[in-house]
Every structure is written in structure tokens, then in C-alpha cells.
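Since the structure comes first, as C-alpha cells, the remarks are kept for the end.
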Amino acid sequence: MAGSSFRIVGTGQLLELQRRLRAAGHENIRRSMQRRIRRAAEPLRNDLQSSIRGLSIQSAGRGAGKRGGRSPTNRPLRASIAQAIRISVRTAGDPGARVWVDKGRLPPDIPMGVLARLNEGRLRHPVYGNRRRWAQQTASPLWWDRIIRQHTPRMTSEVARVVDDVRRHIE
206 MAGSSFRIVG TGQLLELQRR LRAAGHENIR RSMQRRIRRA AEPLRNDLQS
256 SIRGLSIQSA GRGAGKRGGR SPTNRPLRAS IAQAIRISVR TAGDPGARVW
306 VDKGRLPPDI PMGVLARLNE GRLRHPVYGN RRRWAQQTAS PLWWDRIIRQ
356 HTPRMTSEVA RVVDDVRRHI E
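The opening position of the sequence shown corresponds to residue 206 in the working numbering, with each subsequent residue numbered one higher.
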């Protein structure tokens, strides 16, 4: 999971278009372009959220005579990660659409490394915070990467179409 974010960029085209829109005073067209790019990224974010919510995480199980029980937290891991998936659209500086996991929206006890390990298909964590006992869990590998690959062609063509529409409108 490369940096736990995904970007669609056409930096040269978007930067030039942004300069031309500002010079011509087309603020409403610029906002419309941002809104359309955001809409192009929403299906990707929604698929990522539904994928993590439905991700099957299996445990190796506990041995005979081992104690167990419910999690001490009432917040599910997968739902917390799904709520932290965000979209940002920029048309200046480093332009493009970015779908990413917002670290600030994750609970403090879920480090960002958990996402990379879940994408690899494995998760090793201390049992109830006890760093002397560890549990190993497995998940479907590459859930993030697979969905990104599925959406890349659609998003690339959609952003190119938006840029072309705006360019035609201001010329």
C-alpha cells in the first residue's frame, strides 16, 4: 500500500488550466471542476470503505486451556479504518485527486502500520495490549491495491474528460 494513499494527477494540464481559470476570473468553473473530480473519486472511496468493512480477518485460534473473551474496546477495527478513508482534490500546487487514510481520524491505538500489514494479508498485535503475548491474524492480501487497480482506468479517463470539458469551455 504505497504510502496508504492513491493519486490521480495530470499536473501539467491541471496547473495550466488552473492558471487560465484564475486569469479569466472563472471561479465558478474552477469550483465545478473540483466538484466533478471529487465525484470521480467517490466510487473509489466507497469501494475501499465497503472492502475494508467486509474484509475477512481470521485468527489462528487459541490453544487448549488458553483464556479468551471479548475485545476490551467497543470500536471495531474495520469500521474505524473505513471512516478514516478520505478524498481531497487540489487544483493548485500539487494538483490531482487523492484518496487516502486520514491518520487523524483513526483512534490513537491504531497505528498507520496496521493498514500496510492488513494490505499484506497479515496482522500481528499484542493480546489486549500485553506486549509479552502476541496474536497472529490473516486477511485477504492486497485488498487496497486490488481496488485501486480496478478504479484507475475509470478515474484517469474521468479526470481527463473533466479537464477537456473545462478547457473547451474557457477557450
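Ideal Cβ placement from N, Cα and C applies to all residues, glycine included.
This structure is a prediction, so every number in the text was calculated from the model and none was measured.
For residue i, count neighbouring Cβ atoms within 10 angstroms of its own Cβ and tell me buried if that reaches 16, exposed if not.
i: A289; result: buried
i: W348; result: buried
i: E247; result: exposed
i: Q223; result: buried
i: A265; result: exposed
i: A245; result: buried
i: A284; result: exposed
i: A302; result: buried
i: P346; result: exposed
i: A365; result: exposed
i: G208; result: Bear in mind that the predicted position of G208 carries a pLDDT of just 45, short of 50, making it unreliable; the figure below should be weighed with that in mind. Under this definition G208 is an exposed residue.
Where residue i and residue j are concerned, what is the direct C-alpha to C-alpha distance, given to the nearest angstrom?
i: G317; j: D307; result: Here residue 317 turns out to be Met, not Gly, going by the sequence shown. Between M317 and D307, the C-alpha separation is close to 9 Å.
i: P331; j: R258; result: 22 Å
i: V294; j: I242; result: 7 Å
i: N251; j: D314; result: 24 Å
i: R240; j: T343; result: 38 Å
i: I352; j: S261; result: 16 Å
i: Q341; j: D370; result: 50 Å
i: E221; j: R336; result: 53 Å
i: P281; j: R310; result: 14 Å
i: R236; j: V367; result: 12 Å
i: G334; j: A321; result: 20 Å
i: L253; j: Q355; result: 11 Å
i: Q263; j: L249; result: 25 Å
i: M238; j: L219; result: 10 Å
i: E363; j: T357; result: 10 Å
i: S255; j: A287; result: 7 Å
i: M360; j: V319; result: 27 Å
Tell me the residue span of the alpha helix (DSSP H) that contains residue i.
i: S264; result: That residue, S264, is in no alpha helix (DSSP H); its beta strand (DSSP E) goes I262 to S264.
i: P248; result: E232 to R258
Check: For the 8 Å Cβ check, are there 3 or more pairs between the region 361–374 and the region 225–239?
Finding: Segment contact: the region 361–374 against the region 225–239, three or more CB-CB distances shorter than 8 Å; contact assigned.
Check: Would you call the region 315–331 and the region 219–229 touching, i.e. three or more CB-CB distances under 8 Å?
Finding: Between the region 315–331 and the region 219–229, the count of C-beta pairs closer than 8 Å stays below three; the two stretches do not touch.
Check: What residue ranges within the region 285–347 form continuous beta strand (DSSP E) runs of no fewer than 3 residues, ordered along the chain?
Finding: Runs of the beta strand (DSSP E) inside the region 285–347: 290–295, 301–306, 327–332 and 335–344.
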